[in-house]
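Visitor: Supplied in structure tokens, the structure appears directly below.
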Amino acid sequence: MTFRGSARPTDEWKHVRFEVEDGVGTITLDRPDRLNALTFETYADLRDLLGELPERDDVRVLVITGEGRGFCSGGDVEEIIGRLLAEGDEQRVLEFTRMTGSVVHRMRELPKPIVASVNGVAAGAGAVMALAADLRILARSSSFAFLFTKVGLAGADMGAAYLLPRMIGLGRATELLLLGESVSAARAEEIGLATRVVDDELLAAETAAITRRLADGPAAAYATTKALLTREQDVDLGSAIELEAQAQALLMRSDDHAEFYRAFKEKRSPKWTGR
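Its first residue numbered 43, the sequence shown is counted upward by one per residue in the numbering used here.
Encoded structure:
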């Protein structure tokens with residue numbers, strides 16, 4: 043049982059598919075026969091790939107989705123639970139739980155928008171990864187289940203107890219994390235867990251439309267907005283206002299803001315460069 047510590051320099055990932063087209067990077071979980079259940083190696087690939095992406099200018103927005111009829115059913119019971127029970131001492135288990143958490147941490151720290159395109163079930167770690175995205179586009183037949191307590195583990199895993207209350211409120215988050223019950227796409231939209239819900243056959247088109255809009259937009263403005271949304275969760279109002287003042291002052295001197303003004307004067311659409 044090993045955990046790689048460094049990112050690889052190519053897009054040839056063994057346990058996920060990663061493709062880049064016209065500014066849109068797409069991570070596809072690719073074990074459709076197991077509803078894209080995660081293995082040790084999949085977690086490591088996700089961690090390492092997410093560690094590379096901040097430095098890649100060819101990726102302006104990231105999509106995470108699953109192959110086949112499921113987004114991600116969580117950790118693979120045999121590949122992870124079975125192996126940890128058989129092989130993992132206390133230190134190995136801690137290394138593993140820290141690695142899974144690093145996937146979510148790197149998603150939140152990535153200075154590019156992330157869109158989860160949720161096709162089918164998003165359970166356990168799959169639900170938390172969708173939660174950690176900036177936007178969640180759900181197929182109408184999809185569902186969430188934060189089912190950690192159903193396997194005898196804490197519902198607080200991979201940052202779920204930090205992120206979920208901030209998104210849907212403490213009461214609803216407590217319900218989902220304690221009971222582990224399935225949440226339909228309609229219910230997810232009702233409580234604010236889904237950004238949009240579309241008919242199954244429209245999921246790819248809706249995801250493409252949103253990611254195209256993001257990829258063509260002002261990257262620096264998006265990156266700053268995402269960073270401030272994350273940072274301001276744990277500061278007082280005065281500190282938040284000061285953070286926003288400093289960030290906005292920098293962006294007001296950016297090329298993109300100047301381009302907006304030129305485009306406004308010339309009655310045309312801005313040509314964003316992300317600078």
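Every residue, glycine too, gets a C-beta built ideally from N, C-alpha and C.
Remember, it's a predicted structure, so these values are computed and weren't measured experimentally.
#1: So if DSSP puts Val62 in a beta bridge, which residue, or which two residues, is it bridged to?
#2: Between Phe113 and Gly168, how many whole angstroms is the CB-CB distance? I'm expecting something under 8 angstroms.
#3: Where Lys309 and Ala227 are concerned, what is the direct C-alpha to C-alpha distance, given to the nearest angstrom?
#4: Out of Ala86, Leu212 and Leu127, point me to the one whose CA is closest to Gly143's CA.
#5: Classify Thr44: buried if its beta carbon has 16 or more other beta carbons within 10 angstroms, exposed otherwise.
#6: Start and end of the beta strand (DSSP E) containing Arg238?
#7: Hey, would you say Val62 sits closer than 8 angstroms to Asp100, going by beta carbons?
#8: Report all residues from its chain with a CB closer than 7 angstroms to the CB of Arg148; omit the five preceding and five following residues, and keep chain order.
#9: Going along the chain, which residues of its own chain have a beta-carbon closer than 8 angstroms to the beta-carbon of Ala337, five neighbours each way excluded?
#10: Under three-state DSSP, which class holds Ala28?
#11: Should Ala257 and Arg59 be called a contact, given that it needs their Cβ atoms to be closer than 8 angstroms?
#12: Near Pro153, which residues of its chain fall below 7 angstroms by C-beta distance, leaving aside the five closest residues on each side in sequence?
#13: Assuming Ala230 and Leu285 form a contact by the criterion Cβ under 8 angstroms, report the distance between their Cβ atoms to the nearest whole angstrom.
#14: Who are the near neighbours of Leu206 in its chain, counting only those whose CB is closer than 7 angstroms to its CB and skipping five residues on each side?
#15: Give the DSSP-derived three-state secondary structure of Leu195 in the structure shown.
#16: When you compare only the Cα positions, how much space is there between Leu77 and Leu177?
#17: Going by C-alpha distance, which of Val66, Ala261, Phe188 and Leu212 is nearest Trp314?
#18: Just list the residues that DSSP pairs Gly178 with in beta bridges.
#19: Please report the distance separating the alpha-carbon of Ala289 from that of Val277.
#20: From what residue to what residue does the beta strand (DSSP E) around Ala215 run?
#21: So with Cβ pairs under 8 angstroms, would you call Ala282 a contact of chain B?
Guide: Straight from the coordinates:
#1: Gly67
#2: 6 angstroms
#3: 41 angstroms
#4: Ala86
#5: Below a pLDDT of 50, predicted positions are generally treated as unreliable, and Thr44, at 36, falls in that range; the measurement from the model is reported next regardless. So Thr44 counts as exposed.
#6: Arg238 to Val240
#7: yes
#8: Arg89, Leu92 and Gly93
#9: Outside the shown range of the chain (43 to 317) lies residue 337, about which nothing can therefore be said.
#10: The structure shown does not extend to residue 28, since the chain spans only 43 to 317, so no value can be given for it.
#11: no
#12: Pro96, Ala265, Lys268 and Ala269
#13: That belief does not hold up - the Cβ atoms of Ala230 and Leu285 are roughly 30 angstroms apart, past 8 angstroms.
#14: Leu173, Ala215, Leu218 and Leu219
#15: coil
#16: 22 angstroms
#17: Ala261
#18: For clarity, residue 178 is Arg in the given sequence; the question names Gly instead. Answer is Ala158.
#19: 16 angstroms
#20: Run containing Ala215: none in the beta strand (DSSP E); it sits in the alpha helix (DSSP H), Leu212 to Leu221.
#21: The chain labelled as chain B is not found in the depicted structure, where only one protein chain is given.
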